[in-house]
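With our numbering applied, the sequence shown closes on residue 267, and no number is skipped along the way. A quick write-up on the structure given underneath.
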Amino acid sequence: MTDEEKKRFSELLERPREELLISAGVGTLSEKYLHAVFKYYYEPNPDFHEVGIGRFTADICRDKDIIEIQTRSLGRLREKLEFYISEGYYTTVVYPIPHKKWISWLDPETGKLTPKRRSPKTGTAFDSIYELYNIKDYLPSGQVQVVLELVDVFDIKNQDGYGKGKKHRATRNDRIPLELFDEIILSEPSDYRIFLPEALPDTFTRKDYAKLTRLDGRALSGAIKILEEMGLVRFASKQGNKFIYKKG
Numbered sequence: 020m021t022d023e024e025k026k027r028f029s030e031l032l033e034r035p036r037e038e039l040l041i042s043a044g045v046g047t048l049s050e051k052y053l054h055a056v057f058k059y060y061y062e063p064n065p066d067f068h069e070v071g072i073g074r075f076t077a078d079i080c081r082d083k084d085i086i087e088i089q090t091r092s093l094g095r096l097r098e099k100l101e102f103y104i105s106e107g108y109y110t111t112v113v114y115p116i117p118h119k120k121w122i123s124w125l126d127p128e129t130g131k132l133t134p135k136r137r138s139p140k141t142g143t144a145f146d147s148i149y150e151l152y153n154i155k156d157y158l159p160s161g162q163v164q165v166v167l168e169l170v171d172v173f174d175i176k177n178q179d180g181y182g183k184g185k186k187h188r189a190t191r192n193d194r195i196p197l198e199l200f201d202e203i204i205l206s207e208p209s210d211y212r213i214f215l216p217e218a219l220p221d222t223f224t225r226k227d228y229a230k231l232t233r234l235d236g237r238a239l240s241g242a243i244k245i246l247e248e249m250g251l252v253r254f255a256s257k258q259g260n261k262f263i264y265k266k267g
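Below you can see the structure in the form of structure tokens.
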């Protein structure tokens, strides 16, 4: 992405938060603020926001081009995507991924906020795998592209969970975007090669793939399925309990 695009995103963050939320027609929940920022990043003219398409409402629509910004489960878009495709629309699905994340905890009783600390995890495109799996049936259609937005964020979480410190399954109070780091556009099947590590041999097992990507469970299975859907890998054989795959 260009420096100009990063600058445009930063300028949106300088605007009063309430202005974006009111103009975007959303509330004050954390995901919705992030949603509003990206809505104006992709379409500055609010006349093209919240457009009715059949029984659905698109975040952004100009002519036959739709943009849906989804900060949570992409699976919620399945019905929309199926309808948009059937009606000849081209849809861009925008999925923000926290890149660098800082966290503070808010005591709901005292209102006291803990000092901000940096999360040790750095987000990557691989964090989208499970969500992409939820819409994998629509990705090869030629009418759906996905844009992964790697964005630095500040999370404020309520200490209203369980266990020590009441942090387990705690709710998020706010998510504040800080800076747009990068964006990854998945438009053509070949774009999904970003999920094929360079060190992965032409013939490989799930264990080989897991070792290089650090994926496991449903995310690991999802990654393989997506790569198969895009024609980038294929099942070759089974040796005992091992599934053998080949690139291409």
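By construction, the Cβ of each residue, glycine as well, lies at the ideal position given by its N, Cα and C atoms.
(message) Could you compute how far the alpha carbon of I104 sits from the alpha carbon of I122?
(response) C-alpha of I104 to C-alpha of I122: approximately 39 Å in a straight line.
(request) Please work out which residues of its chain come closer than 7 Å, Cβ to Cβ, to K155, disregarding the five sequence neighbours upstream and downstream, and give them in chain order. (result) Only K244, I245 and E248 meet the Cβ criterion.
(message) Can you tell me which residues form a DSSP beta bridge with L132?
(response) DSSP lists L125 as partners of L132.
(request) Within the stretch 56 to 105, note down every full beta strand (DSSP E) run reaching 3 residues or more, in order along the chain. (result) With a minimum length of 3 residues, the continuous beta strand (DSSP E) runs that stay inside the stretch 56 to 105 are 68 to 72, 75 to 81 and 84 to 88.
(message) Given this structure, state the Cα-to-Cα distance separating F102 from S160, to the nearest angstrom.
(response) Per the coordinates, the alpha-carbon of F102 lies some 13 Å from the alpha-carbon of S160.
(request) Measure the C-alpha to C-alpha separation of L231 and D201 and round it to an integer number of angstroms. (result) Their backbone Cα atoms lie some 22 Å apart in a straight line.
(request) Look up T141 in the DSSP assignment and give the residues it is bridged to. (result) DSSP lists no partner for T141.
(request) Would you be able to state if there are at least three C-beta pairs under 8 Å between the stretch 187 to 200 and the stretch 171 to 179? (result) The stretch 171 to 179, when compared against the stretch 187 to 200, does touch it at the 8 Å Cβ threshold.
(request) Tell me, to the nearest whole angstrom, how far the beta carbon of D235 is from that of A229; I am working on the premise that it is less than 8 Å. (result) Right, the Cβ-Cβ distance comes to about 6 Å (below 8 Å), so this counts as a contact.
(request) Taking L215 as the reference, give the member of I116, V252 and V170 with the closest Cα. (result) Out of I116, V252 and V170, the CA that lies nearest to the CA of L215 is found in V252.
(request) Give the straight-line distance between the Cα atoms of D82 and W124, rounded to the nearest whole angstrom. (result) Going from the Cα of D82 to the Cα of W124 covers about 44 Å.
(request) With DSSP collapsed to three states, give me the class of T232. (result) Three-state result, T232: helix.
(message) If you reduce the DSSP assignment to three classes, tell me which class P208 lands in.
(response) When secondary structure is reduced to three states using DSSP, P208 falls in the helix class.
(request) Mind checking who H187 pairs with in its DSSP beta bridge? (result) According to DSSP, which records beta bridges pairwise, H187 is partnered with Y181.
(request) Compare the C-alpha of G180 against each of D126, L32 and Y60 and name the closest. (result) For the options D126, L32 and Y60, the alpha carbon positioned closest to that of G180 is the one of D126.
(message) According to DSSP, simplified to helix, strand and coil, what is N260?
(response) Coil, per DSSP.
(message) Just to confirm my understanding: we take E5, look at its own chain, exclude 5 residues before and 5 after, and list those with CB closer than 6 Å. What are they?
(response) Because the chain spans 20 through 267 in this model, residue 5 falls outside it and cannot be assessed.
(request) Can you have a look at F57 and say buried or exposed, based on whether 16 or more other CB atoms are within 10 angstroms of its CB? (result) Buried is the call here.
(request) Measuring alpha carbon to alpha carbon, tell me which of G267, I85, T76 and Y114 ends up nearest L209. (result) The question names Leu, but residue 209 is Ser in the sequence shown. Residue G267 is the option with its Cα nearest to S209.
(request) Please say whether G142 and I116 have beta carbons closer to each other than 8 Å? (result) Contact: yes.
(request) To the nearest angstrom, report how far apart K26 and R225 are at their CA atoms. (result) Distance from the CA of K26 to the CA of R225, rounded to the nearest whole angstrom, comes to 41 Å.
(message) Is it buried or exposed, S29, if we count other Cβ atoms within 10 angstroms and call 16 or more buried?
(response) S29 is classed as exposed because its beta carbon has fewer than 16 other beta carbons within 10 Å across all chains shown.
(request) Would you give the residue range spanned by the beta strand (DSSP E) that F223 belongs to? (result) T222 to T224 is the extent of the beta strand (DSSP E) around F223.
(message) In whole angstroms, give me the CA-to-CA distance for E33 and L197.
(response) In a straight line, the C-alpha of E33 is about 10 Å away from that of L197.
(message) Measuring straight from C-alpha to C-alpha, what distance separates T222 and L100?
(response) Between the alpha carbons of T222 and L100 lies a distance of about 34 Å.
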